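Colleague: First to last, the protein sequences are chains H and E.
Residue 404, in my numbering, is where the first sequence stops; the numbers in between run on with no holes.
Residue 404, in my numbering, is where the second sequence stops; the numbers in between run on with no holes.
Glycine included, each C-beta is placed from N, C-alpha and C at the ideal position.
Remember, it's a predicted structure, so these values are computed and weren't measured experimentally.
2 protein chains.
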Amino acid sequence: MAQQHLDPTDPRSRHLGPAPTGDTLAGYLRAQATEFLRALRLHRETGSGANGSEASAEAARALRRSARRISATLHTFQSLLDTDWCEAMRPELAWVSGTLAMEHAYTARLERLLTALHRLSGSTAPPSQPAGAAAAGRPAGATGPKKAAPSHAGAQPHPAGTPERGNLTVGAAKAGALLDRQLTLARTRAHSTALQALGSSRFHAVADKVAVLASEVPLTKATDTTDLRPFAAAAQDRLADAVAALPLVTAGNPYNAAALIHGLSPDTVPHPQDAPWHQVRLLLRLHRYAREAVSGPKGNAVVDLRLLSAGQALNRHRGASEAAAAAAQAARTPRIAPATAYALGVLHADQRHEVEAARFAFQQCWQKEAVSTG
Amino acid sequence: MAQQHLDPTDPRSRHLGPAPTGDTLAGYLRAQATEFLRALRLHRETGSGANGSEASAEAARALRRSARRISATLHTFQSLLDTDWCEAMRPELAWVSGTLAMEHAYTARLERLLTALHRLSGSTAPPSQPAGAAAAGRPAGATGPKKAAPSHAGAQPHPAGTPERGNLTVGAAKAGALLDRQLTLARTRAHSTALQALGSSRFHAVADKVAVLASEVPLTKATDTTDLRPFAAAAQDRLADAVAALPLVTAGNPYNAAALIHGLSPDTVPHPQDAPWHQVRLLLRLHRYAREAVSGPKGNAVVDLRLLSAGQALNRHRGASEAAAAAAQAARTPRIAPATAYALGVLHADQRHEVEAARFAFQQCWQKEAVSTG
């Protein structure tokens with residue numbers, strides 16, 4: 031426990047210095063609101079359409095990041111803030127970050143699947159630029175790929191066997207082309223949806239509220255003396271409870287084959303067994319943001335590497351889980367060749383093993399954490 | 031090293047008691063030859079055809095076991111035995127054990143694949159009696175399943191969706207039926223081949239030679255004083271060298287995803303990366319049998335559990351490797367449905383991960399061994 035008491039960012043450190051109160055909370059929310067507005071301005075300046083650049087994508091990421099933090103802070107410290115305002119604000123922020131996240135999610139999913147297909151084919155193509163994605167041409171937008179490409183939204187990928195995917199085997203090449211077509215279409219739609227959202231009156235209302243928040247935080251009375259740390263500790267407890275309910279003994283046993291159980295069950299996409307892990311991912315994020323809020327502006331620099339790596343394992347878990355579901359979904363496309371379906375089956379199982387590997391990685395992180403701070 | 035010197039079965043223990051010499055070797059070979067003849071008699075008594083029983087299967091296993099041991103002993107201690115006799119005998123013994131092993135291998139492969147399909151479908155069918163195998167009806171023969179079943183050699187499996195495989199999903203059920211048909215056919219052929227072999231003049235010549243061996247071992251001169259242990263130590267060294275060449279660092283790193291590399295490559299069935307592991311499996315067996323030969327008749331009881339579990343891991347490795355290849359092979363059957371091909375792809379990847387898991391298990395065993403005896 032000694033280590034915890036030396037860490038000013040730990041919500042349980044109630045014996046050190048003046049307790050963080052409403053002022054700290056207001057400062058954190060104002061800073062995040064300012065960041066939201068800055069990112070929004072940057073996003074409008076860098077262009078959000080098909081001519082979008084890396085700066086535009088970075089702006090969209092910053093927008094999502096601050097929206098998530100404001101929303102999380104409203105959740106964790108809700109009893110210190112105006113209730114009606116909180117209840118009106120949170121779903122709107124969730125809508126903003128959720129809508130902006132979709133295009134990026136499809137991009138990442140396609141990249142993950144094409145990288146895996148190359149690995150499974152023994153290809154030497156660099157993971158940073160999957161041949162399939164490069165061949166298909168993708169719209170570069172707000173949350174698009176890092177390198178801008180000519181816009182051919184919805185363009186058909188090159189047929190299998192072209193030099194661009196020449197190092198994929200026939201089944202893998204067709205599977206890659208199919209995934210490329212389906213996920214590029216989904217990403218293009220998500221891009222349009224995000225653009226529409228950013229131009230909507232609903233979004234303008236959110237931006238107006240965030241602008242107010244940047245100068246005036248609707249704290250309830252008596253927050254001057256209320257210690258923030260019990261609220262942050264409660265967020266940590268919710269996380270700990272959810273982690274305790276995870277099958278960590280199984281996860282810590284390598285090659286337990288648990289993630290692929292029901293892998294051929296038709297009604298399990300997405301896998302119900304993944305849900306508790308996704309939930310822990312969200313609770314871990316709430317815990318991390320609560321730590322940030324409590325630590326005050328200077329404390330932001332203190333990053334818990336174990337929390338970060340545990341969070342990365344859960345991100346990997348979610349990415350692999352969704353990629354596996356996309357492969358299974360693609361295999362249901364009518365009239366595909368058996369070789370394509372076979373490659374998608376291998377790919378699905380590969381990603382489910384990635385899910386299992388991510389759980390193992392999380393268990394290893396978490397165990398380390400428990401040992402060193404327990 | 032102290033521990034090794036206390037173990038009389040260790041070939042490196044050169045400082046303990048009288049050295050095992052030609053007499054010990056002759057005793058071991060006579061015992062194995064006697065066991066071969068006993069098993070052969072039992073096999074003829076219990077019947078070897080479609081009316082074969084569990085006793086018949088057990089007799090075939092004993093026949094293979096003693097043939098393997100005689101062959102291995104001829105290999106390890108060849109310079110102590112008549113050269114011409116050894117060179118004539120070894121390929122014949124390899125032919126006997128190889129021919130008798132095939133039917134059992136197909137039975138085990140089908141059982142492994144159907145068990146995996148049930149696991150992947152989230153089915154609760156007991157692994158000891160896969161629904162598909164039970165439904166298909168298998169010929170019970172010399173090396174057949176433990177429970178005798180009515181003989182319907184080559185019978186078509188029940189169509190998908192019958193109660194027998196009702197708890198498999200549609201794709202998995204069709205994949206199971208396809209594998210059942212193909213592997214049952216292969217097993218039936220292997221059964222016929224084994225029966226023909228056992229009735230052939232070639233086999234009778236082998237049996238005659240083994241009968242001579244049971245009373246008279248063709249030792250070279252001067253074997254009365256030649257220490258057997260350097261020969262056994264050489265077998266151990268060959269094993270250690272082969273293990274040292276394995277990628278054990280990768281294997282000891284869980285979820286390294288190495289076994290599925292080239293998983294979609296068309297020219298890699300069977301996987302070339304598996305070959306060094308198969309080779310270690312054979313060298314481990316030679317080492318184990320050399321230990322048996324050196325330890326004399328009483329030493330047989332001393333079993334090295336670590337060697338056994340390392341050997342089991344390598345058996346599992348080979349079983350999974352061959353099952354994965356069989357799933358890939360079945361996926362090339364013309365005119366199969368995409369759902370069937372998809373299920374076979376999932377199954378292939380699942381078995382390749384079993385390969386990876388077996389390598390991890392071997393690495394763990396081997397590391398333990400190195401620590402406790404090094």
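With H, G and I counted as helix, E and B as strand and the rest as coil, what does DSSP make of L294/E?
Modeller: Numbered from 1 along the second sequence, position 264 holds the residue referred to as residue 294/E. Three-state result, L294/E: coil.
Colleague: Pull up the distance between the alpha-carbon of Q309/H and that of T145/H, whole angstroms please.
Modeller: Translated into the one-based positions of the first sequence, residue 309/H becomes position 279. Translated into the one-based positions of the first sequence, residue 145/H becomes position 115. Each residue's Cα considered, the two are about 27 Å apart.
Colleague: Does the structure place the segment 380-393 of chain H close enough to the segment 390-400 of chain E that three or more beta carbon pairs sit under 8 Å?
Modeller: The segment 390-400 of chain E, when compared against the segment 380-393 of chain H, does not touch it at the 8 Å Cβ threshold.
Colleague: Identify each residue in the segment 281-312 of chain H for which the Cβ-Cβ distance to at least one residue of chain C is less than 8 Å, and report them in chain order.
Modeller: The structure shown contains no chain C; the protein chains it does contain are H and E.
Colleague: Using alpha carbons as the reference points, say which of S222/H, R98/H, A89/H and L70/H lies closest to E322/H.
Modeller: Residue 322/H sits at position 292 when you count from the first residue of the first sequence. Measuring from the Cα of E322/H, the nearest candidate turns out to be R98/H.
Colleague: So does the segment 107-122 of chain E actually touch the segment 130-148 of chain E, counting three or more Cβ pairs closer than 8 Å?
Modeller: no
Colleague: Name the residues in the segment 120-152 of chain H whose C-beta lies less than 8 Å from a C-beta of chain E; which are they?
Modeller: When CB distances to chain E are screened at a threshold of 8 Å, the residues of the segment 120-152 of chain H falling below it are L147, R149, L150, S151 and G152, in chain order.
Colleague: Report yes or no: is there a C-beta of chain E within less than 8 Å of the C-beta of P187/H?
Modeller: The residue labelled residue 187/H in the question sits at position 157 within the first sequence. Caution is warranted here: a pLDDT of 40 is assigned to P187/H, below 50, making its placement in the model unreliable, and the coordinate value is therefore given only provisionally. No, P187/H lies away from the interface with chain E (no Cβ there is under 8 Å from its Cβ).
Colleague: Can you tell me whether DSSP reads L228/E as helix, strand or coil?
Modeller: Position 198 of the second sequence, counting from 1, holds the residue named residue 228/E. Residue state, collapsed to three classes: helix.
Colleague: What does DSSP give as the partner residues of L111/H in its beta bridges?
Modeller: As a position in the first sequence, residue 111/H is number 81, starting the count at 1. DSSP output for L111/H lists L249/H as bridge partner(s).
Colleague: Please report whether the beta-carbon of L374/H lies at a distance below 8 Å from any beta-carbon of chain E.
Modeller: Position 344 of the first sequence, counted from the start, is the residue given in the question as residue 374/H. Yes, contact with chain E.
Colleague: With D271/E as the anchor, note down where its alpha helix (DSSP H) starts and where it stops.
Modeller: Reading the second sequence from its first residue, position 241 is the one you call residue 271/E. Here the alpha helix (DSSP H) through D271/E covers R259 to A274.
Colleague: Keeping to the same chain, check which residues put their C-beta closer than 8 Å to that of L269/E; ignore five residues upstream and five downstream.
Modeller: What you label residue 269/E is simply residue 239 of the second sequence in a count that begins at 1. For L269/E, where only same-chain residues beyond five positions count, the Cβ hits under 8 Å are V310, L313, L314, L316 and H317.
Colleague: With a CB to CB cut of under 7 Å and the five nearest residues on each side skipped, what residues in its chain are close to A227/E?
Modeller: Here residue 227/E corresponds to residue number 197 of the second sequence, with the count starting at 1. The residues are T129 and F233.
Colleague: Per DSSP, what kind of secondary structure is A356/E in: helix, strand or coil?
Modeller: Within the second sequence, the letter at position 326 stands for residue 356/E. Reduced to three states, the DSSP call for A356/E is helix.
Colleague: So the candidates are R346/H, D210/H, A224/H and L290/H; which of them puts its Cα closest to the Cα of E384/E?
Modeller: Position 354 of the second sequence, counted from the first residue, corresponds to residue 384/E. The option with the nearest alpha carbon to E384/E is L290/H.
Colleague: In whole angstroms, give me the CA-to-CA distance for T370/H and A85/H.
Modeller: Stepping through the first sequence from its first residue, residue 370/H is reached at position 340. Stepping through the first sequence from its first residue, residue 85/H is reached at position 55. T370/H and A85/H: Cα-Cα distance of roughly 37 Å.
Colleague: Please list the partners that A407/E has in chain H, where partner means a Cβ-to-Cβ separation under 7 Å.
Modeller: No information on residue 407/E is available, as it lies outside the stretch 31 to 404 that chain E covers here.
Colleague: Quick check on A387/H - is its C-beta less than 8 Å from some C-beta in chain E?
Modeller: What you label residue 387/H is simply residue 357 of the first sequence in a count that begins at 1. Yes, its Cβ sits closer than 8 Å to a Cβ of chain E.
Colleague: Should A371/H be flagged as near chain E, meaning a C-beta pair shorter than 8 Å?
Modeller: To locate residue 371/H, count along the first sequence from 1; it is residue 341. So yes, A371/H belongs to the interface.
Colleague: Taking C-beta pairs closer than 7 Å, name the residues in chain H that D380/E reaches, listed in chain order.
Modeller: Taking the first residue of the second sequence as 1, we reach residue 380/E at position 350. Neighbours of D380/E on chain H, chain order: L290 and A379.
Colleague: I believe A207/H touches L147/H by the beta-carbon criterion, under 8 Å. Please report the beta-carbon distance rounded to the nearest angstrom.
Modeller: Residue numbering aside, residue 207/H sits at position 177 when the first sequence is read from its first letter. Residue numbering aside, residue 147/H sits at position 117 when the first sequence is read from its first letter. Rounded, the Cβ-Cβ distance is 10 Å, inconsistent with contact.
Colleague: Helix, strand or coil: which one does DSSP assign to A343/E?
Modeller: On the second sequence, residue 343/E is found 313 positions in, with the first residue counted as 1. Correct three-state label for A343/E: helix.
Colleague: Using the Cα positions of Q303/H and L276/H, report the straight-line distance between them to the nearest angstrom.
Modeller: Counting from 1 along the first sequence, the entry for residue 303/H is found at position 273. Counting from 1 along the first sequence, the entry for residue 276/H is found at position 246. Their Cα atoms are separated by approximately 10 Å.
Colleague: Along chain E, in chain order, which residues have C-beta atoms closer than 7 Å to that of I100/H?
Modeller: The count along the first sequence starts at 1 and reaches residue 100/H at position 70. Ordered by position in chain E, no residue passes the 7 Å Cβ test against I100/H, which lies about 36 Å from the chain.
Colleague: So, does the segment 259-268 of chain E touch the segment 334-344 of chain H, judging by three or more C-beta pairs under 8 Å?
Modeller: no
Colleague: Does DSSP put T51/H in a helix, in a strand, or in coil?
Modeller: If you number the first sequence from 1, residue 51/H lands on position 21. DSSP, read as helix, strand or coil, puts T51/H in coil.
Colleague: Touch check for the segment 277-286 of chain E and the segment 233-249 of chain E: three-plus C-beta pairs under 8 Å?
Modeller: The segment 277-286 of chain E makes no contact with the segment 233-249 of chain E: fewer than 3 CB pairs, one atom from each, lie closer than 8 Å.
Colleague: Our contact map puts L198/E next to S245/E with C-beta atoms below 8 Å; I'd like the distance itself, whole angstroms only.
Modeller: The residue labelled residue 198/E in the question sits at position 168 within the second sequence. The residue labelled residue 245/E in the question sits at position 215 within the second sequence. L198/E to S245/E, Cβ: 55 Å. No contact.
Colleague: I want to see whether chain E comes within less than 8 Å of H347/H, judged by CB atoms only; does it?
Modeller: If you number the first sequence from 1, residue 347/H lands on position 317. Output row for H347/H: interface = no.
Colleague: Please confirm whether F392/H has its beta-carbon closer than 8 Å to some beta-carbon of chain E.
Modeller: For this step, residue 392/H is matched to residue 362 along the first sequence. Cβ-Cβ to chain E under 8 Å: no for F392/H.
Colleague: If D257/H sits next to G52/H, beta carbons under 8 Å apart, how far is it from one beta carbon to the other, in whole angstroms?
Modeller: For this step, residue 257/H is matched to residue 227 along the first sequence. For this step, residue 52/H is matched to residue 22 along the first sequence. The Cβ separation is near 10 Å, so there is no contact.
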